[in-house]
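**Q**
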Amino acid sequence: MKTKLKQLIINSLNTLVADGVLKSVPENIRLDHAKDDTQGDFATNIAMLLSKQAKCTPQDLAKKIVAKLEITDEIEKIEIAGHGFINFFISQTSSTSIINKILDQGKNYGLLNIGTGQRVLLEFVSANPTGPLHVGHGRGAAYGATLANLLRNAGFTVDCEYYVNDAGRQMDILTTSVYLRYINTDKFPDNGYQGEYITAISKQIKGIKKLNIFTNVSKDAKDGGDKEKHIEDLINNCKTQLGDDYKTIFNLAIKHILADIKQDLSEFGVEYQQWFSEQSLLDSGLSKKIIATLQASGHIYEKQGALWFKTTDFGDDLDRVVVRDNGVHTYFASDIAYHLEKFERGYDKIINIWGADHHGYIARIKACIKALNHNPDKLEILLVQFANLYRSGKKIAMSTRSGSFVTLQQLRTEVGNDAARFFYVLRKVDQHMDFDLDLAKSKTNENPIFYIQYAHARICSVLAKAQDNTQAPDLTLLNNAHEQALIKQLSRYLNIVKNAVLNYEPHILAYYLRDLAKDFHSYYNNCEFLIADKNLQASRLQLITATQQILQNGLTLLGVSAPEKM
RNA sequence: GUCCUUGUGGCUCAGUUGGAUAGAGCAGCCGCCUCCUAAGCGGCAGGUCAGUGGUUCAAAUCCACUCAAGGACGCCA
Numbered sequence: 007m008k009t010k011l012k013q014l015i016i017n018s019l020n021t022l023v024a025d026g027v028l029k030s031v032p033e034n035i036r037l038d039h040a041k042d043d044t045q046g047d048f049a050t051n052i053a054m055l056l057s058k059q060a061k062c063t064p065q066d067l068a069k070k071i072v073a074k075l076e077i078t079d080e081i082e083k084i085e086i087a088g089h090g091f092i093n094f095f096i097s098q099t100s101s102t103s104i105i106n107k108i109l110d111q112g113k114n115y116g117l118l119n120i121g122t123g124q125r126v127l128l129e130f131v132s133a134n135p136t137g138p139l140h141v142g143h144g145r146g147a148a149y150g151a152t153l154a155n156l157l158r159n160a161g162f163t164v165d166c167e168y169y170v171n172d173a174g175r176q177m178d179i180l181t182t183s184v185y186l187r188y189i190n191t192d193k194f195p196d197n198g199y200q201g202e203y204i205t206a207i208s209k210q211i212k213g214i215k216k217l218n219i220f221t222n223v224s225k226d227a228k229d230g231g232d233k234e235k236h237i238e239d240l241i242n243n244c245k246t247q248l249g250d251d252y253k254t255i256f257n258l259a260i261k262h263i264l265a266d267i268k269q270d271l272s273e274f275g276v277e278y279q280q281w282f283s284e285q286s287l288l289d290s291g292l293s294k295k296i297i298a299t300l301q302a303s304g305h306i307y308e309k310q311g312a313l314w315f316k317t318t319d320f321g322d323d324l325d326r327v328v329v330r331d332n333g334v335h336t337y338f339a340s341d342i343a344y345h346l347e348k349f350e351r352g353y354d355k356i357i358n359i360w361g362a363d364h365h366g367y368i369a370r371i372k373a374c375i376k377a378l379n380h381n382p383d384k385l386e387i388l389l390v391q392f393a394n395l396y397r398s399g400k401k402i403a404m405s406t407r408s409g410s411f412v413t414l415q416q417l418r419t420e421v422g423n424d425a426a427r428f429f430y431v432l433r434k435v436d437q438h439m440d441f442d443l444d445l446a447k448s449k450t451n452e453n454p455i456f457y458i459q460y461a462h463a464r465i466c467s468v469l470a471k472a473q474d475n476t477q478a479p480d481l482t483l484l485n486n487a488h489e490q491a492l493i494k495q496l497s498r499y500l501n502i503v504k505n506a507v508l509n510y511e512p513h514i515l516a517y518y519l520r521d522l523a524k525d526f527h528s529y530y531n532n533c534e535f536l537i538a539d540k541n542l543q544a545s546r547l548q549l550i551t552a553t554q555q556i557l558q559n560g561l562t563l564l565g566v567s568a569p570e571k572m
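Each number in my numbering comes from the position in the first sequence (counting from 1) with 6 added on.
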């Protein structure tokens, strides 16, 4: 309908160009859904845009455009508003046709072909495997999974990937922490991982010697020493004294934690196609090879015993270290290799969803992509702001290291998967989010997810009670204000889904579903469906069945269930 | 100090990419179950869109500056 109208407008403009009124026709014509009934169904601002060119007032130009407009029977009337808007009123048979379209296509209604044939790599969460996921990760998980759904719905082939940081110092701290719990020392370091899950893992260790690894160790912070040095010494003792057993403990720890994370995400409806190990980049030598390549091409230089990437050549404000003077590769070195690897896998689009704290990394990652002769525009980095957690009106401080945090799993069991998925996605990602635990836990109607699901359940309930009706529906009977509002809302769905995916903004869909549910609840309270007039009943049931379908399709995209009963 | 994000009723947030009288939910007040699920509906009240200037037919939206909040700026991961 919209494209048809656009074509009619373009035709009209073209004849005006031929008549010498206009010089040229713009490529893009705005045709929006009007927000008010008095403004018709669609509105265009074209007359205002071109009035200067036509050297007349917007109103006069609008009149000329309308005069040249071919009237089809789908258009009921056309009005020119005071400012120069041209408002189109669509005939009823044409507007109700959306109902049949939705019913015909069912689950497939809303599929788009924007991304047909394009492959997307979507990386998200990628939390360090040093402990369970907490509520901050939950936001990235919900957003990423929903974005994947939207992209697939738009025709893209999407691979979701989790980058596992299973290399580096944090892994040593993890391993040492587990061992310290195993030997059950009372001298646990400040800088170790103190969560209870560490103790749980340590109980799985069997047949490894309990040694005193506190010999020749510098003081911890609480004794006036340096906590970094303290744990460094412990790690070294652990490694040298345990030998091969160290690796055993390491493997045990990471296996457990990863299994936990996978299960957690899976229960949250978040599935990955790939889990990419950082260690594999070191093992395969790819990391080393790339550094050599970059060194050969002059992008990496040596200073004070360390290797530096000249990211300033590509817009970064400082050069960055890739290999420390002790020979250890930095996290950044792995990241370069990882991203190169991603590019070489041949995706059309690479999307990273990062926590807002990684903001400083964008410039340097894009820099090395340029240095490696790839197109940095292929990589899109989306930042998700932190979710602050509030309990009893107070912000909860969280730290993985100290073990004081609310896990994603705790949140899920407290508020339920549906509410959690929806709540997370209800905010724009670049918006700081206050997650009020008490509010989310209180199962009242303050949570909009119940409102939407309730609308769906109500429709199911009505349809279940409806007896078989052989009467054919006559959609022209759907002419009261509630019905027209609902029909209009349904006709917005395609556009909503399109906007949500193009902008990577699932919240657009979330808000739409709430609006749709509102129109339905209003209809429900004002009109009866199961009535004596079987003809009208059949028509109304068609309308709410279409509504049910859209609610279902939309909720599915958001990863939320559409219950038949509540 | 440099960079990023944000600033919209008492609270939490939308605002279809520059459009028509700035919208929801919660909290407040007043109404609606003999009826398909009251987890619902209807109504009232509540705003100088942080501020100033600019761009144009039109600015919450774009530009500049100011103010305020949060974050990022390691040979950490």
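Built from N, CA and C at the ideal position, the CB exists for glycine as well. All of these numbers come straight from a predicted model, not from anything done at the bench.
#1: Applying the criterion that 16 or more other CB atoms from any shown protein chain within 10 Å of the CB defines a buried residue, is D126 buried or exposed?
#2: On the DSSP letters alone, give me the boundaries of the alpha helix (DSSP H) that K245 sits inside.
#3: Taking C-alpha atoms, which residue in L117, I81, I92 and D38 lies nearest to S100?
#4: Would you mind stating whether L563 and N155 have Cβ atoms separated by less than 7 Å?
#5: Three-state secondary structure (DSSP) at R326?
#6: Going by alpha carbons, who is nearest to N485 out of Y529, N509, A312 and A463?
#7: Within a Cβ cutoff of 8 Å, which residues of the same chain sit near R370, ignoring the five residues on either side of it in sequence?
#8: Let me know the secondary structure DSSP gives A173 once reduced to three states.
#9: Between which two residues does the beta strand (DSSP E) harbouring S283 extend?
#10: What's the C-alpha gap between K225 and G121?
#11: Should D424 go down as buried or exposed, given a rule of 16 or more other Cβ atoms within 10 Å for buried?
#12: Is D43 closer than 7 Å to P138 when the C-beta atoms are compared?
#13: If you measure between the beta carbons of D165 and I214, is that distance less than 7 Å?
#14: Give the list of continuous alpha helix (DSSP H) stretches no shorter than 4 residues that lie fully inside the stretch 18 to 83.
#15: Please give the ranges of any alpha helix (DSSP H) in the stretch 494 to 528, keeping only runs that are unbroken, at least 4 residues long and fully inside the region.
#16: Which residue wins for smallest C-alpha separation from K309, given the options G333, L288 and T551?
#17: Report the rounded CA-to-CA distance for I514 versus L313, giving the unit in angstroms.
#18: Is D165 helix, strand or coil by DSSP?
#19: Since I believe V390 is in contact with F282 (beta carbons under 8 Å), could you give me their beta-carbon distance rounded to a whole number of angstroms?
#20: Give the DSSP bridge partners of K309, in chain order.
#21: Can you tell which of Y188, N106, F274 and I502 has its C-alpha closest to the C-alpha of T482?
#22: For the alpha helix (DSSP H) containing F349, name the first residue and the last one.
#23: State buried or exposed for N257, treating a residue as buried only when at least 16 other CB atoms are found within 10 Å of its CB.
#24: On the CB-based measure, 16 or more other CB atoms within 10 Å of its CB, does T50 come out buried or exposed?
#25: Enumerate in chain order the residues of its own chain whose CB-to-CB distance from T246 is below 6 Å, with the five nearest sequence positions on each side excluded.
#26: Once DSSP output is grouped into helix, strand and coil, what is the label at R464?
#27: Leaving out five residues on either side along the sequence, give the residues of the same chain with a beta carbon under 8 Å from the beta carbon of K69.
#28: Nearest-angstrom Cα distance between K434 and E511?
#29: List the endpoints of the continuous alpha helix (DSSP H) containing V421.
#30: Enumerate, from N- to C-terminal direction, the unbroken alpha helix (DSSP H) stretches of 4 or more residues contained entirely within the stretch 79 to 165.
#31: Would you say V141 and A393 are within 7 Å of each other, going by their C-beta atoms?
#32: List the whole-angstrom C-beta distance separating I458 from L414, where the pair is believed to meet the contact cut-off of C-beta under 8 Å.
#33: Starting from E202 and walking both ways along the alpha helix (DSSP H), at which residues does that stretch end?
#34: Determine the direct distance from the alpha carbon of H462 to that of M572, and round the result to whole angstroms.
#35: For N197, which residues of its own chain have a beta-carbon under 6 Å away from its beta-carbon, when the five flanking residues on both sides are left out?
**A** The answer reads as follows:
#1: A small fix is needed here, since residue 126 is Val in this sequence, not Asp. Buried: at least 16 other Cβ atoms inside 10 Å.
#2: Note, K245: alpha helix (DSSP H), K233 to L248.
#3: Checked all of L117, I81, I92 and D38; the closest Cα to S100 is I81.
#4: yes
#5: In this structure, R326 counts as strand in the three-state DSSP scheme.
#6: Y529
#7: F315, T317, D322, R326 and F338
#8: coil
#9: Q280 to S283
#10: 58 Å
#11: buried
#12: Between P138 and D43, the C-beta gap is not smaller than 7 Å, which leaves the two residues out of contact.
#13: Cβ atoms of D165 and I214: not closer than 7 Å.
#14: 52 to 60 and 64 to 73
#15: 499 to 508
#16: G333
#17: 46 Å
#18: strand
#19: Incorrect: roughly 20 Å between the Cβ atoms, too far for contact.
#20: Per DSSP, the beta-bridge partners of K309 are A312.
#21: N106
#22: Y337 to E350
#23: Exposed, because fewer than 16 other Cβ atoms sit within 10 Å of the Cβ of N257.
#24: buried
#25: none
#26: Look at R464 here: in three-state DSSP terms it is helix.
#27: I86
#28: 7 Å
#29: L414 to V421
#30: 98 to 111 and 141 to 159
#31: yes
#32: That belief does not hold up - the Cβ atoms of I458 and L414 are roughly 23 Å apart, past 8 Å.
#33: E202 to S208
#34: 9 Å
#35: K233 and I237
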